[in-house]
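Chemist: Protein chains in written order, with our numbering: chain A, 737 to 987; chain B, 737 to 987.
Number of protein chains: 2
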Amino acid sequence: MTKGKSKAGVQLGAAAYSPLYRQIRDLLLQALDAGEWRPGDMIPSEVELAARYSVSQGTVRKAIDELAAEHIVIRRQGRGTFVATHQEDHIRFRFLRLTPDDGERVAPTSQILFCRRVRATAEIANALQLTTGAPLVFIRRVLSFEQKPTLVDDIYLPGALFKDMSIKLLKDKPGPLYWLFEDHFEVSMVRAEEKLRAQRVDAEIATLLELEPDQPVLKVERTSYTYGDRAVELRIGYYNTERYYYHNSLI
Amino acid sequence: MTKGKSKAGVQLGAAAYSPLYRQIRDLLLQALDAGEWRPGDMIPSEVELAARYSVSQGTVRKAIDELAAEHIVIRRQGRGTFVATHQEDHIRFRFLRLTPDDGERVAPTSQILFCRRVRATAEIANALQLTTGAPLVFIRRVLSFEQKPTLVDDIYLPGALFKDMSIKLLKDKPGPLYWLFEDHFEVSMVRAEEKLRAQRVDAEIATLLELEPDQPVLKVERTSYTYGDRAVELRIGYYNTERYYYHNSLI
DNA sequence: TAGTGGTCTAGACCACGGA
DNA sequence: CCGTGGTCTAGACCACTAG
Numbered sequence: 737m738t739k740g741k742s743k744a745g746v747q748l749g750a751a752a753y754s755p756l757y758r759q760i761r762d763l764l765l766q767a768l769d770a771g772e773w774r775p776g777d778m779i780p781s782e783v784e785l786a787a788r789y790s791v792s793q794g795t796v797r798k799a800i801d802e803l804a805a806e807h808i809v810i811r812r813q814g815r816g817t818f819v820a821t822h823q824e825d826h827i828r829f830r831f832l833r834l835t836p837d838d839g840e841r842v843a844p845t846s847q848i849l850f851c852r853r854v855r856a857t858a859e860i861a862n863a864l865q866l867t868t869g870a871p872l873v874f875i876r877r878v879l880s881f882e883q884k885p886t887l888v889d890d891i892y893l894p895g896a897l898f899k900d901m902s903i904k905l906l907k908d909k910p911g912p913l914y915w916l917f918e919d920h921f922e923v924s925m926v927r928a929e930e931k932l933r934a935q936r937v938d939a940e941i942a943t944l945l946e947l948e949p950d951q952p953v954l955k956v957e958r959t960s961y962t963y964g965d966r967a968v969e970l971r972i973g974y975y976n977t978e979r980y981y982y983h984n985s986l987i
Numbered sequence: 737m738t739k740g741k742s743k744a745g746v747q748l749g750a751a752a753y754s755p756l757y758r759q760i761r762d763l764l765l766q767a768l769d770a771g772e773w774r775p776g777d778m779i780p781s782e783v784e785l786a787a788r789y790s791v792s793q794g795t796v797r798k799a800i801d802e803l804a805a806e807h808i809v810i811r812r813q814g815r816g817t818f819v820a821t822h823q824e825d826h827i828r829f830r831f832l833r834l835t836p837d838d839g840e841r842v843a844p845t846s847q848i849l850f851c852r853r854v855r856a857t858a859e860i861a862n863a864l865q866l867t868t869g870a871p872l873v874f875i876r877r878v879l880s881f882e883q884k885p886t887l888v889d890d891i892y893l894p895g896a897l898f899k900d901m902s903i904k905l906l907k908d909k910p911g912p913l914y915w916l917f918e919d920h921f922e923v924s925m926v927r928a929e930e931k932l933r934a935q936r937v938d939a940e941i942a943t944l945l946e947l948e949p950d951q952p953v954l955k956v957e958r959t960s961y962t963y964g965d966r967a968v969e970l971r972i973g974y975y976n977t978e979r980y981y982y983h984n985s986l987i
C-alpha cells in the first residue's frame, strides 16, 4: 500500500469505486458491529490502526473523521478516540428533542407501563424489515419532566434481538433506554428518522398525559437504525407540547 | 507562513487559539458576506486561494471542507467549488420539511396574502437582535400542494435589510422565497433553528387552510441566520399535517 | 488535453491530558 | 514526560468535467 496505488484499483468494472479511507471506515464499522470495541471503550490509536490496515495515518484519520461526524465515535484530544454511548448528554439529547419553554433541559424520569410480546402487523414488519407476524417486544412508557407526564412512547423491537427483555430489566436499569440497549443487548442506535404531525390525543393517551380529551399533541414516529443502517426500533411518541417544544436545527 | 508556524502563534494570551484553516474559513466567510462571490458563482480554485492567503492547498482544502459541511458552498469534482443557492432542491428541501404521506415530494405553489410595514414587538425584536419598535416587513403567505392550501407562514424581516420589499416583487419572482432574498437583497440563509408544537388552529388560519375550527396544526417557529450567525428572519408557520408530515433526521 | 477537486502518503510540529 | 489526537506542509497521482 505505497504510492497512491489504491485497493480500489483491484476492483472490477468501475461501478463501485470507493476510496481507501471509506474502505477503512467500513472495516471499523464492521469491527464495531462485531463488538470488538464496546460503547465507552477507547479504540486503538490512529498509528496502531494505520499499521493494522497497512495504510498511512492520514487515511485512518479521514476514516475516523467520518465516523466522528456521524457521532459513532468521539475524539478527545490528548486522550484517544472512544465509542460513543447514549450515557453522554451530548448524544442523549440528540434523540430527545423536547425542550422546556423556560428553565434548564433536564433528564426526564421514566415509568414503564408494560412490556409485552406481540406479533408484527404488516405495517410494523415493513418498517423494521421483518416479515408479518414476526415476534416483537412491545413496550409502553411515560416520560415525566418535573413530575409532569409529558410524553408517551410505544416502542416496538424485533424479538430476535431483544430476547430476554422484561419489565424487571427495564425497571432495574436507570438512565436512557438506549443505554440499556447498548449495554445489555449490544444494539447501538446510531441514527433515526422521524415523522412529525399534530394530532388530537386519543382517550387512552390523554389519560396518561393528564390532558383533556381532544387536546392537540405532537405525534412522533421514529425508526431507529444501528451500524449497518439496519432498522431495529419503531417508536410512536405522543408529546404534550404545552410547556415544552420539539427543537430542531436546520443546517 | 512556512513550517507550521501558525498565525495563531502571534496571538496574545492563549484564550482564542484558532487553527489556520479556521482563520482561512472565516476569511472566506467574510468574502462571501461582502458579496465577493454570489450564490451560484464559482469561487477561486484551491490552488489560487492557497496563493492568495499564503498557505498550503491542504489548509485551504480543510477550510472549504468545513464550509461544504455547512452547505454554504458546494464542491463539484472536475468543475470547481460553488456558492450554494436555494434554487437547488438539495438546499431547498432542507428548509421545507413537509413531505407527502404518499407520492413524490413536489414544490408548492405560493400565494402572497399581504406585505406590510410594522414595528417590532419586544418578543420579535429579541429574536431578531433588534430594538423594540424597529421597522419590520411582515409578510403572510399560503403554500399549497396540489392546489390544497397546506401551510401558512407569517414572516418577519428586518426593515433595514429588506428596504424595497413589496408584494409586486414577491409576486414577480417565482421559486423559493430564500432565492429572492439571495438574489435581490443579498441575504443568504445559511441555517435555522425551529421550535415545533401541536396547537389548535385559530379561526383566521383555519379559514386559510380550509380546516374546521379547533383542528390540530403543527406550529413551527423558525429563526433563520445568515453568514455571521446573524438572525435575519423570524417565521411562524402553521402546517396542516393531515396528509403531510414534517420530516426530520436524527444524526 | 488542461484544469478542477479528491485521494494518499510522509514527516514535522503543536495542543492537550494524564502519570 | 509520553502518548494521544490536531495542524500544516509538500508532493504525487487519481477521477471527473469540459472544451
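By construction, the Cβ of each residue, glycine as well, lies at the ideal position given by its N, Cα and C atoms.
With DSSP as the reference, label K830(B) as helix, strand or coil.
Modeler: The amino acid at residue 830(B) is misidentified as Lys; the sequence shows Arg. If DSSP states are grouped into helix, strand and coil, R830(B) belongs with the helices.
Chemist: Assuming K931(A) and Y981(B) form a contact by the criterion Cβ under 8 angstroms, report the distance between their Cβ atoms to the nearest whole angstrom.
Modeler: Correct: roughly 4 angstroms between the Cβ atoms.
Chemist: Tell me, please, which residues DSSP counts as bridged to I779(B).
Modeler: Answer by DSSP bridge pairing, in chain order: T817(B).
Chemist: Relative to chain B, which residues along the stretch 914–947 of chain A have a C-beta separation below 8 angstroms, given in chain order?
Modeler: Per Cβ criterion, the list reads R927, A928, E929, E930, K931, L932, R933, A934, Q935, R936.
Chemist: With DSSP as the reference, please indicate the residues paired to G973(B) in a beta bridge.
Modeler: DSSP, once it has assigned bridges, lists D889(B), V956(B) as partnering G973(B).
Chemist: Name, please, each residue of chain A whose Cβ falls closer than 9 angstroms to the Cβ of T845(B).
Modeler: Correct list: empty, because the minimum Cβ distance to chain A is about 22 angstroms.
Chemist: Considering just the uninterrupted stretch of the beta strand (DSSP E) at H983(B), what are its terminal residues?
Modeler: Run containing H983(B): 980–986, per the beta strand (DSSP E) assignment.
Chemist: Quick one: list the residues of chain A neighbouring S985(B), beta-carbon separation under 9 angstroms, in chain order.
Modeler: Near S985(B) (Cβ distances below 9 angstroms), the residues of chain A are R927, A928, E929, E930.
Chemist: Locate the alpha helix (DSSP H) running through R758(A), then write down its first and last residues.
Modeler: R758(A) -> alpha helix (DSSP H) spans 756–769.
Chemist: Can you name the residues of chain A whose CB is closer than 7 angstroms to the CB of P836(B)?
Modeler: Result: empty, since nearest Cβ-Cβ is about 11 angstroms, beyond 7 angstroms.
Chemist: Should R971(B) be labelled buried (16 or more other beta-carbon atoms within 10 Å of its own) or exposed?
Modeler: When all chains shown are included, R971(B) counts as buried.
Chemist: Taking 8 angstroms as the threshold (beta carbon to beta carbon), is F831(B) in contact with chain A?
Modeler: True, the Cβ-Cβ gap to chain A drops below 8 angstroms.
Chemist: Using 8 angstroms as the limit for Cβ to Cβ distance, is E806(A) near chain B?
Modeler: Taking Cβ atoms only, chain B reaches closer than 8 angstroms to E806(A), which makes this a yes.
Chemist: Can the beta-carbon of M925(B) be found closer than 8 angstroms to that of T962(B)?
Modeler: Yes, the Cβ-Cβ distance between M925(B) and T962(B) is below 8 angstroms.
Chemist: Just how far apart, CA to CA, sit T738(B) and S792(B)?
Modeler: Only weak support is given to the placement of T738(B): the predicted model assigns it a pLDDT of 32, under 50, and the question is left unresolved by the model.
Chemist: Using 8 angstroms as the threshold, is the C-beta distance between V939(A) and L986(B) below it?
Modeler: The sequence shown places Ala at residue 939(A), not Val. Contact: no.
Chemist: Taking the beta carbon of Y974(B) as the centre, do at least 16 other beta carbons fall within 10 Å, making it buried, or is it exposed?
Modeler: Buried, since its Cβ has 16 or more Cβ neighbours within 10 Å.
Chemist: State the Cα-Cα distance for the pair R811(B) and A804(B), rounded to the nearest angstrom.
Modeler: Going by the C-alpha atoms only, they are around 7 angstroms apart.
Chemist: Less than 7 angstroms between C-beta atoms, sequence neighbours within five positions excluded: which residues of the same chain meet that for E957(B)?
Modeler: Contacts found: E930, K931, I972.
Chemist: Please list the segments of the alpha helix (DSSP H) lying wholly inside the stretch 858–921 of chain B, counting only runs of 4 or more residues, in order along the chain.
Modeler: Those alpha helix (DSSP H) runs which fall completely within the stretch 858–921 of chain B and span 4+ residues are 858–863, 903–908, 913–921.
Chemist: Using the beta-carbon count (16 or more within 10 Å), is R877(B) buried or exposed?
Modeler: Burial call: buried.
Chemist: Hey, does V953(B) have any beta-carbon neighbour from chain A nearer than 8 angstroms?
Modeler: Chain A, which has a Cβ nearer than 8 angstroms to the Cβ of V953(B), makes this yes.
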